[in-house]
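Novice: Encoded as structure tokens, here's the structure I'll be asking about.
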Amino acid sequence: MTSDNTLHRSVLFVPGSEQKRIEKAANIAADILVFDLEDAVSPAEKTVARQRVVDALTSPDFKKRQCVVRINGVTTPWFNDDVQAVSTLGNIAIMLPKCDSADDLLQLKNAGQALNVRTFGIVETARSVLSVAEIAQQMTAGDVLCFGHVDFASDMGLTDNNAGKGAVYHARCQVALAAHAYGIAAIDNISLDVRDETAIRNDALLGLSLGYSGKLCIHPRQVDIINDVYTPTDEQVKKASDILALWDEAQNSGQGVFTYDNKMVDLPVILAQESILARRKAITDSIN
Numbered sequence: 000m001t002s003d004n005t006l007h008r009s010v011l012f013v014p015g016s017e018q019k020r021i022e023k024a025a026n027i028a029a030d031i032l033v034f035d036l037e038d039a040v041s042p043a044e045k046t047v048a049r050q051r052v053v054d055a056l057t058s059p060d061f062k063k064r065q066c067v068v069r070i071n072g073v074t075t076p077w078f079n080d081d082v083q084a085v086s087t088l089g090n091i092a093i094m095l096p097k098c099d100s101a102d103d104l105l106q107l108k109n110a111g112q113a114l115n116v117r118t119f120g121i122v123e124t125a126r127s128v129l130s131v132a133e134i135a136q137q138m139t140a141g142d143v144l145c146f147g148h149v150d151f152a153s154d155m156g157l158t159d160n161n162a163g164k165g166a167v168y169h170a171r172c173q174v175a176l177a178a179h180a181y182g183i184a185a186i187d188n189i190s191l192d193v194r195d196e197t198a199i200r201n202d203a204l205l206g207l208s209l210g211y212s213g214k215l216c217i218h219p220r221q222v223d224i225i226n227d228v229y230t231p232t233d234e235q236v237k238k239a240s241d242i243l244a245l246w247d248e249a250q251n252s253g254q255g256v257f258t259y260d261n262k263m264v265d266l267p268v269i270l271a272q273e274s275i276l277a278r279r280k281a282i283t284d285s286i287n
């Protein structure tokens, strides 16, 4: 979650070329819907898919939803037309695939100078991982960094795209680190499992432990599991509330440090507990 309390727990891709899936997306409980004009759409369908997404996002069905359009990359022939189409949609964020450098991000911002929208940049190549700090530094409040592990593994020539080990895991860590260094939200890679609930949950838990605030989803079946992982539990909320109450007592008595459950508590711990309560409140407010 960013400082503006925007929820990013589940970020679901919706193919822009499939009308039925677009219609169904309106009723899926993902925090963010990403209408995809890139990987999910063949070259022959690009123009039709673009118009289909524009029509959907100007309809009442998605007015109260957080929506993003994944456009085609800066080196493709569809880039400028995609940016111009999104510019007609008002406050709709843009997801830039294969964001290899800060220059790519600036090219997007220059192409849509009239736009004042959030940018989701996907880090998914070796070059982008090496440039991830510079990319994050160019981002502004509300922008988001995402990790695309499948494309990254392919770019590295790896036959194993397991995001829990090796070079892919290293890159996964780097994206989260860069995002936090510059105050940007980080969204974890997709899980290729769409039926194995345990595998989906474990992968999401790993991302949570790395500092990600949510996860990319490729199937509606993943959404509830990922929402659950990124929602603070009742136990965590109670613990945070108890610690903050003790902190108030300690401050009133002139103490800057105290113990809870035989562990030291100081300001960094307090900030973490405040974050837990803020995330829970944002989730509760989004439901009410």
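Mind the numbering: the sequence shown is residues 0 to 287 in numbering that gives the first Met the number 0, read in order. Note that CB positions come from ideal geometry on N, CA and C, so glycine has one too. Remember, it's a predicted structure, so these values are computed and weren't measured experimentally.
Got a sec? Which residues, its chain only, sit under 7 Å from Pro-231 by beta carbon, not counting five neighbours each side?
Specialist: Around Pro-231: Ile-275, Arg-278, Arg-279.
Novice: What whole-angstrom Cβ distance do Val-40 and Phe-12 have, given they're in contact under 8 Å?
Specialist: About 11 Å; that fails the 8 Å criterion.
Novice: Using the three-state DSSP reduction, which class does Lys-214 fall into: helix, strand or coil?
Specialist: Lys-214 falls in the strand class under three-state DSSP.
Novice: On the DSSP bridge list, what partners appear for Ala-185?
Specialist: Ala-185 is bridged to Leu-144.
Novice: In the structure shown, what three-state DSSP assignment does Gln-65 receive?
Specialist: Correct three-state label for Gln-65: strand.
Novice: Looking only at its own chain, which residues have a Cβ that is under 7 Å from the Cβ of Asn-161, when we skip the five neighbours before and after it?
Specialist: For Asn-161, where only same-chain residues beyond five positions count, the Cβ hits under 7 Å are Val-167.
Novice: Taking only the alpha-carbon atoms, compute the straight-line gap between Pro-59 and Gln-272 and give it to the nearest angstrom.
Specialist: Going from the Cα of Pro-59 to the Cα of Gln-272 covers about 38 Å.
Novice: Taking the straight line between their C-alpha atoms, what separation do you get for Asp-265 and Gly-255?
Specialist: C-alpha separation (whole angstroms): 7 Å.
Novice: Is it a yes or a no for the region 122–135 touching the region 211–230, going by three-plus beta-carbon pairs under 8 Å?
Specialist: Segments in contact, no.
Novice: State the DSSP-derived secondary structure class of Lys-23, mapped to helix, strand or coil.
Specialist: Three-state DSSP puts Lys-23 in a helix.
Novice: Do you know how far the Cα of Met-138 is from the Cα of Val-222?
Specialist: Those two C-alpha atoms are separated by around 27 Å.
Novice: Whole angstroms is fine: what's the gap from Gln-235's alpha carbon to Ser-190's?
Specialist: Each residue's Cα considered, the two are about 25 Å apart.
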